[in-house]
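Engineer: Position 381, counted from 1, in the sequence shown is what the UniProt record's numbering calls 381; the numbers after and before it change by one each time, with no gaps.
Each residue gets a CB set at the ideal place from its N, CA and C atoms; glycine is no exception.
Let me begin by handing over the structure; questions about it come next.
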Amino acid sequence: MSPRTTIGLLGGGQLGMMLCESASPLNVPIAVLDAEDAPAKQINSNKHHVTGSFKDPVKIRELAANCDVLTVEVEHIDTQVLEEIATHGVQVSAADGSTTTKKVTVHPSWKTLRLIQNKYEQKEYLGKEGIPIAEQLALESGDGMLASMKEASAKFGFPWMLKSRKDSYDGRGNLKISSEADLEHAVTEFGSLSCYAEKWVPFEIELSVIVIRTEDDEGNTKRLIPYPAVETIHEDNVCSRVFMPPRNVADDVSKQAQKVACSVVEKLWGRGVFAVELFFTKDGKVVVNEIAPRPHNSGHHSIEAVPYMSQYKAQLTAILDGPLPEELQPHVSSSIMINILGGASADSHDRLVKKAKSMYAKNMAVYLHLYGKESKPSRKIGHITLTSLGTIAELEEFAQPLIKIAEEIRQERLQASSKALRPQQAPATTTSKGKGMNKDKPLVLVTMGSDSDLPVAKAGIDILNEFGVPWEVDITSAHRTPVKMGQVATDAADRGIKAIICLAGGAAHLAGMMAAYTPLPVIAVPVKATHLDGMDSLLSMVQMPRGVPTATVAINNSTNAALLAIRILGAFMPEYLEKMKTYQLDMEKQVLDKATLLREIDVEAYLAKMVGDTLTATAVDYEKEDDLTEKARQRKQRQVTSGKSAQTLENDRPWHREGSHSQPKSTSPDPTGGDVTKGRLLTTPTRLLKLILPMPFHPKQEHINEPVEGENKGQEDTVQPLAILVHPQQPLSYLERLIQSEIPPLRYNGREKLPDIVFRAEADQEESHQRKDRSDSNVASYSGLGHEGPNKKEAPWVRWSGSTEVGDFIRDAARGREFAIVIEGYKKELRVAVPSFKDRTYYMRMQLRRMSREIDGMVKIKSECDKIANKGAHRLAQGGFAALAGWWGIVYYITFHTEMGWDLVEPVTYLAGLTTIMAGYLWFLFISRDLSYKAALKITVSKRQQALYQERSFDSAKWEHRVHEANALRREIRMVATEYDADWDEMKDLGEEVKQVLEDEKKKNGGGNGDKSKGEDGDGDGDGEDRERSSSRDEK
């Protein structure tokens, strides 16, 4: 491969970080797929980094498209997508918009990863290949697990090891079965997992050998180079220390371990380093325990012990098929690695780090490695390597202070929590668990795109509770949290989930996307959102493409979704089948009873009974409400008497929270301008608007229409101003609910109710003939100066509908410089100043200025490259003309001035013309499909341009992106200016040269005025704001 081969790394933890550290001096670029703050990304900058989950197939393909070879930091990767990338390739987009398919090699091979992911199948494969392994037995899961474990106990005797087939590492997924008493506990802990039993191996010592494997392009093994064997110490199922060479072990045992490890790696596929963990038994045998197809914890010491070829440099060299030494000889006589594991508190490890920094000795060295990870109990957050030119015994004595502190941290951790580590079948999510919920074994997952869908989901959850079905609820938005959504769907089946119910409104893609990620049945519940009465949700769910089935129920009908999920469970779980039969019989009986009653009494009497039943139910509800209100009043009275009312108020009312009456300490100016009776609407760097609203209520005010008695009513006795972030496309009713949640309730007829909120603004009194032509805007004509405009005579005000979008309301309210918020029960209205055109576009104009400076710096390089490219193309054209003229000169000379004459020229001319026609046809088919001088010139110029761009480090993709963004900002600012009826001087924010460049690029991309059907930029997308609106509709 090329020296500049880009390696794509799936996972960016500490192993990835140390791999990047080794790649840097070798000038090997590594692009990482992991979270934004992953350790590997903290020390490695690469424009091809991808942020997301390394288990997400979409993100894996995105990484592969920008890399030449893929490798892994952890083996728990989707091997299906790796196989697809290696065998069929991945789509790659070129700068000109065309796409090609390229195959990306995966090392180690996806075949190795797939085998190693299932430890039972891994051991079965190795056993058939003659590799020494412990005897094992497959176990049933679910109801048959206990019986199969008893069978394993009879076969192996006690103790034996219970192991999870998948998702187990660092001791997770392993449980020692010492007696019959452990079986029930094992079923509880491992019942939902696929497991196997392994005969107990009475080992003397645990060993590990790192092996470098290289192969040719056909997959045949070329070389196997082992590192010296090391001794590993495991405590609490986690590696704590590594010794090289192993203590009290003969050299021939280490050589035997190297030999077995090489025989294991030889049976695998792909290039790289492989860690083989082994047992050295009491009877002198070496038995294989586990394999890791990647750099391993037991090889960290090689960074200092074998500096010329650490396991990380070896990983890179093997993947790139570079030269390797014949034998790996350490530069030190002995080495010890001590893992830094998180303790009971976040700073427990600090004393270990401090001690490591202070240790020095002759012929010995201490190296500290911290990974930049948050400290959690038992989490690997760093390691310490000690090296010596003396014996391992001498080095161990020198390391005693570090070993002692590490042991102290371990004991503190054990005392703080004795909970055993277990495999994580799904990423940690914030879930709600309610009545009827079995958190260990949920069968139905109820997930929604937003918490606003929860009231609709409640009816279905009630049905699940009624049937006694264990359930779990989560929030996974297909648009806002796509990575989490894919992970939850992918892991659902392995966690024991049998059916998934998805609720979403608006552009409801949640159910379909979940169905694309999981083999489980998915039931979609369209939710009625603010617009279109839920029809958009229904259609987007029910019209799924072939191959991705998604069962869809009626709008807001989570009851039927839950019943369908129970019927799915009933197909293989008899208890739910019987409950469903009983439920259907009950429904049938209810309908028959109603039919009988209707026949016995006349229609009028039946209708009267229905009304009476409704009134009775309402009366019961009011009676319950009155009872709760009275109890609350009595409880409040008791608390006031006992002197605890202040605390109760803080707990029960958000406006009573501690410190709500005192102004926060801040160095920034008061956003209300010092006037606590007036609010302001401010813009933010995003599309959100910030509403600063005064709260003219006493901190201990119980009801909005019952002010607190007393004379001290200064500013210090009012609640501090409230800040609310709203999106311009949210309705006023949403803003109303936010305000209601922060103010006292209204006392009305002895009951509490939420006060109504009314939004008022100045009415438009201008006659149509007095207005300016506003055909390009959807709002009335006004000054647009907002709170900066001149005062004018008070005009009539009108009440606005709660369904009006905030942005539309603000734009229209700007004519009067302010709008009013009227709170039911409060005598005064709250006035709020409206942002002017300058306020509204401030952040957009600042962003445009930054882009302009960047474009100005790039345009000089681009102009120079374009000029050189065009000049070269013109020279080529001139050369072609000269060649053509020379050709016809030769034809003329031979024809009229030589004896050969036309007899020679005629066939030559004929063949030359035919060749030209064929070449032009091939050009048309394979290159341009535009058989013209202009097309040939364009392609010649384009190729020369790209070469010059690359030579002068000009990023054409970045240029196009910046120009597109700048034009989009210009369009948006112009739209706001049109709506505010204000003049915007582009020259102040762009400059003449940048403006001309943007105009030229817009015309080049089809943004001229010739096509009136297209949008302002000629992109055929219509109105820019409409595009923004349709793309940003919130999925509920």
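From the DSSP output, in three-state form, read off I704 for me.
Structural biologist: coil
Engineer: Measuring CB atoms only, is the region 231-238 touching the region 180-197, in the sense that at least three cross pairs come out at less than 8 angstroms?
Structural biologist: no
Engineer: Could you spell out where the alpha helix (DSSP H) holding N560 opens and where it closes?
Structural biologist: Per DSSP, N560 belongs to the alpha helix (DSSP H) from S558 to G570.
Engineer: Could you compute how far the alpha carbon of D68 sits from the alpha carbon of I566?
Structural biologist: 48 angstroms
Engineer: Taking Cβ to Cβ, would you say R351 is nearer than 8 angstroms to I405?
Structural biologist: yes
Engineer: Given that a residue counts as buried once 16 or more other Cβ atoms are within 10 Å of its Cβ, and exposed if not, what is R4?
Structural biologist: exposed
Engineer: For M900, name the three-state secondary structure that DSSP assigns.
Structural biologist: coil
Engineer: Once the 5 residues before and after P466 are set aside, which same chain residues still bring their CB inside 6 angstroms of it?
Structural biologist: For clarity, residue 466 is Glu in the given sequence; the question names Pro instead. Nothing listed; no residue qualifies.
Engineer: Considering only C-alpha positions, which residue in the set L539, G534 and K498 is nearest to G512?
Structural biologist: Ranking L539, G534 and K498 by Cα distance to G512 puts L539 first.
Engineer: Straight-line CA distance for K484 to F54?
Structural biologist: 12 angstroms
Engineer: In its own chain, which residues sit with a C-beta less than 7 angstroms from the C-beta of G11, not counting the 5 before and 5 after it?
Structural biologist: D34, F54, V72, E73 and V74
Engineer: Tell me, which residues are paired with A761 by DSSP?
Structural biologist: V798
Engineer: Could you tell me which residues DSSP pairs with R831 in its beta bridges?
Structural biologist: K678 and A820
Engineer: Which term fits E180, buried or exposed, when burial requires 16 or more other beta carbons within 10 angstroms of its beta carbon?
Structural biologist: exposed
Engineer: Measure the alpha-carbon distance for L585 versus R751 and round it to whole angstroms.
Structural biologist: Rounded to whole angstroms, L585 to R751 spans 42 angstroms at the Cα level.
Engineer: Thinking C-beta only, is P228 closer than 8 angstroms to P330?
Structural biologist: yes
Engineer: Quick one: what's got a C-beta closer than 6 angstroms to D989's C-beta in the same chain, skipping five residues either side?
Structural biologist: Excluding its 5 nearest sequence neighbours in each direction, D989 has C-beta neighbours in its own chain below 6 angstroms: R845, L848 and R849, listed in chain order.
Engineer: Let me know if Y576 comes out buried or exposed under the rule of 16 or more other beta-carbons within 10 Å of its beta-carbon.
Structural biologist: Y576 comes out buried.
Engineer: Would you check if the distance between the CB atom of P159 and the CB atom of I177 is smaller than 8 angstroms?
Structural biologist: yes
Engineer: Taking C-alpha atoms, which residue in K103, S98, S93 and D78 lies nearest to I85?
Structural biologist: Ranking the options by Cα distance to I85, first place goes to K103.
Engineer: Suppose the cutoff is 6 angstroms on Cβ atoms and the five residues either side in sequence are ignored; what does the same chain contact list for N297 look like?
Structural biologist: Only C239 meet the Cβ criterion.
Engineer: Mapping DSSP to helix, strand and coil, what is N289?
Structural biologist: strand
Engineer: Report all residues from its chain with a CB closer than 6 angstroms to the CB of A551; omit the five preceding and five following residues, and keep chain order.
Structural biologist: I523
Engineer: By the three-class DSSP mapping on this structure, what secondary structure does E788 have?
Structural biologist: Residue placement at E788 cannot be trusted, given a pLDDT of 44 that sits under 50; what the coordinates show is reported in the next sentence. Looking at E788 - three-state DSSP - the assignment turns out to be helix.
Engineer: Restricting to runs no shorter than 4 residues, where is the alpha helix (DSSP H) found entirely within the region 116-157?
Structural biologist: 119-128 and 145-156
Engineer: From P731 to R480, what does the alpha carbon distance come to, in whole angstroms?
Structural biologist: 20 angstroms
Engineer: Quick one: give me the first and last residue of the beta strand (DSSP E) that Q91 is part of.
Structural biologist: Secondary structure note for Q91: its beta strand (DSSP E) is the uninterrupted segment V90 to S93.
Engineer: Three-state secondary structure (DSSP) at Q315?
Structural biologist: helix
Engineer: Have a look at G13 and K41 and give me their C-alpha separation to the nearest angstrom.
Structural biologist: 9 angstroms
Engineer: Helix, strand or coil for H185, going by three-state DSSP, please let me know.
Structural biologist: helix
Engineer: I'd like to know if the region 340-350 and the region 298-316 are in contact, where contact means that at least 3 CB-CB pairs between them fall below 8 angstroms.
Structural biologist: no
Engineer: Below 8 angstroms CB to CB, which residues in the same chain sit around I568 once its five sequence neighbours on both sides are set aside?
Structural biologist: K498, A499 and P521
Engineer: Can you check the region 513-551 for any alpha helix (DSSP H) of at least 4 residues that lies completely inside it and give the ranges in chain order?
Structural biologist: Whole alpha helix (DSSP H) segments, 4+ residues: 535-542.
Engineer: Who are the near neighbours of A529 in its chain, counting only those whose CB is closer than 7 angstroms to its CB and skipping five residues on each side?
Structural biologist: G505, G506, S537 and K1036
Engineer: Under three-state DSSP, which class holds M987?
Structural biologist: helix
Engineer: Is the region 968-985 touching the region 946-954, taking contact as three or more C-beta pairs under 8 angstroms?
Structural biologist: no
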